[in-house]
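Quick note on the numbering used here: the sequence shown kicks off at 109 and runs consecutively.
Each residue gets a CB set at the ideal place from its N, CA and C atoms; glycine is no exception.
These figures come from a predicted structure and were not determined experimentally.
As structure tokens, the structure follows; a few thoughts come after it.
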Amino acid sequence: MKKRQVIEAYKEKFGGDFRLFSAPGRINIIGEHTDYNEGFVMPAAIDKKIWVAITPVRGSAVTVYSVDYDQISTFDIQGPIPELPHWALYSYGVVKELQNKGGKPGAFNAVFGGDIPDGAGLSSSAAIECAFGTALNSLFDLGMDKLEIAKVGQLAEHNYAGVRCGLMDQFASMHGKAGHVIRLDCRSLEYEYAPLNLNGYEFILADTRVKHSLASTEYNKRRESCEEGVLLIGSKMPGVKSLRDLRPKDIYPFKGMLGEETFLCCEFVTEENERVLETVTALENGDLEKVGGLINASHRGLRDKYMVSCSELDLLVDTALTVEGVLGSRMMGGGFGGCTITLLKSTSVDQFVKTTQAAFQIAYSSDPVFYRVTIGDGAGEEIVD
Ligand code: GLA
109 MKKRQVIEAY KEKFGGDFRL FSAPGRINII GEHTDYNEGF VMPAAIDKKI WVAITPVRGS
169 AVTVYSVDYD QISTFDIQGP IPELPHWALY SYGVVKELQN KGGKPGAFNA VFGGDIPDGA
229 GLSSSAAIEC AFGTALNSLF DLGMDKLEIA KVGQLAEHNY AGVRCGLMDQ FASMHGKAGH
289 VIRLDCRSLE YEYAPLNLNG YEFILADTRV KHSLASTEYN KRRESCEEGV LLIGSKMPGV
349 KSLRDLRPKD IYPFKGMLGE ETFLCCEFVT EENERVLETV TALENGDLEK VGGLINASHR
409 GLRDKYMVSC SELDLLVDTA LTVEGVLGSR MMGGGFGGCT ITLLKSTSVD QFVKTTQAAF
469 QIAYSSDPVF YRVTIGDGAG EEIVD
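Shown next, in the form of structure tokens:
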């Protein structure tokens, strides 16, 4: 188990006492690409995590070892920006963003690793940020709350990983609650926990195990399209500050002015926001057929309007919908690879796995990886056992 590996690796590399922190990955039931448009999302933390074993040290030299990459990296918390491998940028970014906030994290030795598959769209990078953020907050008494740590993680992602992400992933990693989804309003940052009672149904993830290289460039481009749409519409409709201020019907008159691509992006986001609200009601009413329909509509929007799907994801979704007992299926997260999330009867899981695996194998000569979802708690300190 990864937790054990992290503990053992710490003992081997550094020895002595240490503390252990963890932060989870996330799923998202619905509400994709709405977070950075001040919209609604419905994520939940999962039982897959990043663990960080860590001790403060004197001086300003940080040493971090990645169990998953089997590499060690060092940087000086006061020095100029160093050349770092990709995996080390997240911890470095968290240190720097804490300093930018006026915090004074000290130096440390750390070992980290986890069981969140890389590039699967389960937010392993947000989990690294939140695990380090939580650890440093505690170790150096920085006095930050969960939301502040989530925001530090988001800034680390923007400024050191180059992805202008919204807050959903880091928020879910910090605030997750076992057995509950989070209904988050990304404008006010108000949130509620809702128990997920699926009565004989469940969510399953199917990981394409592809991550197309365009992913982060295209992500930033979509965000720009939304911002451009808001600017143009706002010039005619004063008071419009984000796509959250608009309903789908408000967008149509601006179709010519926006141009096809920007129009479709804006239309998708306004529709997706409505779908999240409808999903909240449908889940409250136990109407899972309706939830499934909304999930399917979300995928069509992501594929045809927001254009962030890819053939591997589409194949998994299309095949899933041929299986009896499947209520809905869609790509999850930023897109261009990663996982689909499917709502289905628990008794249909075997058939679902068999059917989608066979279709994927024929098309791509490789196997997707399946994960049955367990919803877990957010970031925190763990007992070293
Ligand atoms: C990535 C980002 C999130 C969010 C999703 C799409 O996971 O990190 O902020 O925008 O994509 O919903």
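Bridge-paired residues (DSSP) for residue i
i, result
"residue 319", "445"
"residue 299", "292"
"residue 134", "153"
"residue 328", "Residue 328 is not bridged to any residue."
"residue 182", "171"
"residue 235", "Per DSSP, none; premise fails for residue 235."
"residue 490", "128"
"residue 311", "451"
"residue 215", "165"
"residue 376", "Residue 376 pairs with nothing; no bridge assigned."
"residue 122", "Answer by DSSP bridge pairing: none, since residue 122 is not bridged."
Burial state of residue i, where buried means 16 or more other Cβ atoms lie within 10 Å
i, result
"residue 245", "buried"
"residue 439", "buried"
"residue 375", "buried"
"residue 277", "buried"
"residue 205", "buried"
"residue 333", "buried"
"residue 149", "buried"
"residue 188", "exposed"
"residue 284", "buried"
"residue 339", "exposed"
"residue 453", "buried"
"residue 357", "exposed"
"residue 157", "buried"
"residue 253", "exposed"
"residue 492", "exposed"
"residue 427", "buried"
"residue 360", "exposed"
"residue 213", "buried"
"residue 303", "exposed"
"residue 305", "exposed"
"residue 321", "exposed"
"residue 411", "buried"
"residue 325", "exposed"
"residue 199", "buried"
"residue 394", "exposed"
"residue 441", "buried"
Beta-carbon proximity of residue i to residue j, cut-off 8 Å
i, j, result
"residue 119", "residue 223", "no"
"residue 114", "residue 202", "no"
"residue 323", "residue 445", "yes"
"residue 239", "residue 129", "yes"
"residue 292", "residue 279", "yes"
"residue 317", "residue 417", "no"
"residue 494", "residue 487", "Outside the modelled stretch of the chain, which goes from 109 to 493, sits residue 494, for which no answer is possible."
"residue 450", "residue 312", "yes"
"residue 211", "residue 255", "no"
"residue 288", "residue 301", "yes"
"residue 234", "residue 483", "no"
"residue 243", "residue 167", "no"
"residue 265", "residue 237", "yes"
"residue 424", "residue 396", "no"
"residue 271", "residue 327", "yes"
"residue 314", "residue 464", "yes"
"residue 182", "residue 161", "no"
"residue 437", "residue 404", "yes"
"residue 433", "residue 406", "no"
"residue 171", "residue 125", "no"
"residue 421", "residue 448", "yes"
"residue 383", "residue 154", "no"
"residue 221", "residue 381", "no"
8 Å Cβ cutoff, residue i in contact with chain D
i, result
"residue 271", "Among the protein chains of the structure shown there is no chain D, as only one such chain exists."
**Request:** Please go through the stretch 146 to 180 and give each complete beta strand (DSSP E) segment of 3 or more residues, from N-terminal end onward.
**Result:** For the stretch 146 to 180, whole beta strand (DSSP E) runs of length 3 or above, ordered along the chain, are 151 to 165 and 169 to 174.
**Request:** Flag this pair as touching only if the stretch 228 to 242 and the stretch 121 to 138 have three or more C-beta atom pairs under 8 Å; answer yes or no.
**Result:** Flag = yes, the stretch 228 to 242 and the stretch 121 to 138 touch.
**Message:** Any contact between the stretch 167 to 177 and the stretch 193 to 200? By contact I mean 3 or more CB pairs, one from each, below 8 Å.
**Reply:** These segments touch.
**the stretch 457 to 471 in contact with the stretch 288 to 307 per 3-pair CB rule at 8 Å** = Verdict: no, contact absent.
**Request:** Enumerate, from N- to C-terminal direction, the unbroken beta strand (DSSP E) stretches of 3 or more residues contained entirely within the stretch 417 to 484.
**Result:** If we require 3 residues or more, the beta strand (DSSP E) runs fully inside the stretch 417 to 484 come out as 434 to 439, 445 to 453 and 477 to 480.
**Asked** How about the stretch 139 to 147 and the stretch 365 to 385: do they share at least three Cβ pairs that are nearer than 8 Å?
**Response** Because the criterion of three Cβ pairs below 8 Å is met, the stretch 139 to 147 and the stretch 365 to 385 touch.
**Prompt:** Does the pairing of the stretch 331 to 351 with the stretch 359 to 370 give three or more beta-carbon distances under 8 Å?
**Reply:** With the cut-off at 8 Å, the stretch 331 to 351 and the stretch 359 to 370 touch.
**Message:** Is it the case that the stretch 389 to 405 contacts the stretch 346 to 364, given that we only count it when at least three CB pairs across the two stretches are under 8 Å?
**Reply:** Touching, no, given that fewer than three Cβ pairs across the two stretches are closer than 8 Å.
**Item:** Contiguous alpha helix (DSSP H) assignments of at least 4 residues, all confined to the stretch 222 to 288
**Value:** Counting only runs of 4+ residues, the alpha helix (DSSP H) found wholly inside the stretch 222 to 288 occupies 232 to 247, 254 to 264 and 276 to 283, in chain order.
**Secondary structure, alpha helix (DSSP H): runs of 4+ residues fully inside the stretch 344 to 374** = Whole alpha helix (DSSP H) segments, 4+ residues: 356 to 359 and 363 to 366.
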